[in-house]
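Engineer: Here's a structure for you.
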Amino acid sequence: MFTYDLHATESSARAGTFHTPHGPVATPAFMPVGTVGTVKGLVMEEVKSLGAQMVLANTYHLYLRPGEELVRQLGGLHDFMRWDGPILTDSGGYQVFSLADIRDIHDDGVVFQSHIDGSKHTFTPESVMEVQRALGADVVMAFDECPPGGCDRGTAEEANRRTLAWLERCRDRFVGLGAESASPPQALFPVLQGNVYDDLRREHARQFQDLDDWSGYGVGGLSVGEAKNDMWRILELLHEELPADRPRYLMGVGYPDDLLEAIARGCDLFDCVAPTRNARHGTAWTSEEGQVNLKAARFREDTKPIDEECDCYTCSRYDRAYLRHLVVSAEWLQVRLLSIHNLRFLVRLGEEARRRIGEGTFDGWRQEWLERYRNQRSPV
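Per this note's numbering, the very first residue in the sequence shown carries number 4; after that it's consecutive.
See the structure below:
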């Protein structure tokens, strides 16, 4: 049911297909983030029209509001969101651990307060599996402890120990729920931790593979403040450790240059809130000028599209001068139009990477693309 076909490789870069009950996902691929069941500002038909194949939703937020049981009663996330493609739900662990002043971590789980009303809640490996079963995503993530970037070795070791213990409990409850319920099948991905310590990353990868035959792997604890060179080194290490016939999901990474660097190091799936968050701040990505802030005065009379290489609705209909007018006027339409562009930009980057890997031209194209993007990046 959940299988991965590897079609082509170039150095460490991979092109393949991840098969799910709601359809195949050609990789490498960017997954738009629908935190509370919506990709901000867009309807799901628009998200699909951008070429998105799979989307992500957040367990923590949906658990708090509207609640997983209501989502289950309404047919699960696919019916609730009106999305007929594959869905991945994260475990909510990152959101819980980012609330460092209002939570208590122990071996049984995590106690936290709702950011909505201050009410107290507990997440355990078992309860997180139960919530994600009710939500009904295709891929569910194991509950893990994500230590802060740059943490000391002792903190990273403790997070690794706890994450491994929690993974075993997640797996046992996940298997039990599958036997108890007639719900559609799901795949459970573990989340690799280890911070920037090579031996801890390698140890976690091997321990996870000894524990079970997983359908795929999440790579967590990166892009949380560590140096980029540390992230690239860890990804190169994991490429050698993880099985080639399973997809690798690099969690929370999605800026264009980071995406290409990670693809070059063997990653297949990506998510990030940056496309819609940047849109809310008037920022867009371009192939020739890097990241641009459309509030800048230089765009006041600019009649070019955001990116002349882009085929999105925004670039086919509107010029930079009009979009700048929307940004400086704080018009809501700005968010929609820039979100459409930024999301399509990343989806298209994944499409082009797949094509280039298949042709054997990825490495040269990536280097040329990154040189253009980085050398011309505008201040934001």
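Cβ coordinates follow ideal geometry from the N, Cα and C atoms, glycine included.
1) Rounded to a whole number of angstroms, what is the C-alpha to C-alpha distance between A29 and L253?
2) Shorter than 7 Å, the distance from the beta carbon of S342 to the closest heavy atom of the ligand NAD, or not?
3) Measure the beta-carbon distance from P128 to G139 and round it to whole angstroms, keeping in mind my assumption that it falls under 8 Å.
4) Below 8 Å between beta carbons: does that hold for P193 and F211?
5) Which residue comes first and which comes last in the beta strand (DSSP E) that contains P27?
6) Could you pull the DSSP bridge partners for N345 from this structure?
7) Please say whether D233 and P250 have beta carbons closer to each other than 8 Å?
8) Measure the alpha-carbon distance for E374 versus D248 and round it to whole angstroms.
9) Decide if P308 is buried, meaning its Cβ has at least 16 other Cβ atoms within 10 Å, or exposed.
10) Let me know the secondary structure DSSP gives E329 once reduced to three states.
11) Looking at C-alpha atoms only, which residue of G293, L167, N281 and E71 is the closest neighbour of K43?
12) Grouping DSSP H, G and I as helix and E and B as strand, with all else coil, what is R303?
13) What does DSSP give as the partner residue(s) for D8 in the beta ladder?
14) DSSP on N198, reduced to helix/strand/coil?
15) How many Å lie between Y325 and R357 at the Cα?
16) Using 8 Å as the cut-off, can you tell me whether the segment 47-59 makes contact with the segment 107-123, which would need three or more C-beta pairs spanning the two stretches below that distance?
17) Kindly indicate which three-state DSSP category T1 falls into: helix, strand or coil?
18) Report the rounded CA-to-CA distance for T279 versus R85, giving the unit in angstroms.
19) What residue from A11, E291 and H284 has the CA that sits closest to V331's CA?
20) Closest to H201 by CA distance: which of L329, A159, L59 and H344 is it?
21) Report all residues from its chain with a CB closer than 7 Å to the CB of A103; omit the five preceding and five following residues, and keep chain order.
22) Could you check which residue in G197, R323, Y316 and Q370 has the C-alpha nearest to that of V295?
23) Please give me, in chain order, every unbroken run of the alpha helix (DSSP H) with length at least 4 that falls completely inside the segment 243-281.
24) What do you get for Q56, buried or exposed, if any count of 16 or more other CB atoms within 10 angstroms of its CB means buried?
25) Using only alpha-carbon positions, find the residue among Q135, T317, E206 and L349 that is nearest to I266.
26) Apply the 10 Å Cβ neighbour rule to I343 and answer buried if 16 or more other Cβ atoms are within range, or exposed otherwise.
27) Where does K51 sit, in a helix, a strand or coil, going by DSSP?
28) Check whether the segment 359-371 touches the segment 234-243, counting contact only when three or more Cβ pairs, one atom from each stretch, lie closer than 8 Å.
29) Taking DSSP as the reference, what is the three-state secondary structure of L57?
Structural biologist: The structure says:
1) CA-to-CA, the gap between A29 and L253 works out to about 16 Å.
2) The ligand NAD is not among the ligands present in this structure, which contains no ligands whatsoever.
3) No, P128 and G139 are not in contact; Cβ-Cβ is about 19 Å, not under 8 Å.
4) For P193 and F211, yes; Cβs fall inside 8 Å.
5) Counting along the chain, the unbroken beta strand (DSSP E) around P27 starts and ends at G26 to T30.
6) Answer is none; N345 lacks a bridge partner.
7) Taking 8 Å as the Cβ cut-off, P250 and D233 do not qualify as a contacting pair.
8) C-alpha of E374 to C-alpha of D248: approximately 31 Å in a straight line.
9) So P308 ends up on the buried side.
10) Here residue 329 turns out to be Leu, not Glu, going by the sequence shown. L329 falls in the helix class under three-state DSSP.
11) Measuring from the Cα of K43, the nearest candidate turns out to be N281.
12) Reduced to three states, the DSSP call for R303 is coil.
13) D8 pairs with T20.
14) If DSSP states are grouped into helix, strand and coil, N198 belongs with coil.
15) Their Cα atoms are separated by approximately 33 Å.
16) No: fewer than three Cβ pairs fall under 8 Å.
17) The question about residue 1 has no answer, for the chain in this structure spans 4 to 383.
18) Inter-residue distance for T279 and R85 is about 20 Å (C-alpha atoms, whole angstroms).
19) Closest option to V331, Cα to Cα, is H284.
20) With the sequence shown as reference, residue 201 is identified as Asp, and His is not the correct amino acid for it. By alpha-carbon distance to D201, the top candidate from L329, A159, L59 and H344 is A159.
21) Legend: pLDDT at A103 = 46, less than 50; position of this residue unreliable, no value from coordinates given.
22) That would be R323, whose Cα lies nearest to the Cα of V295.
23) Counting only runs of 4 or more, we get 259-266.
24) Burial check for Q56: the Cβ neighbour count within 10 Å reaches 16 or more, so the residue is buried.
25) Taking only the C-alpha atoms, the option nearest I266 is L349.
26) Buried.
27) It is helical.
28) Because the criterion of three Cβ pairs below 8 Å is not met, the segment 359-371 and the segment 234-243 do not touch.
29) The amino acid at residue 57 is misidentified as Leu; the sequence shows Met. Correct three-state label for M57: coil.
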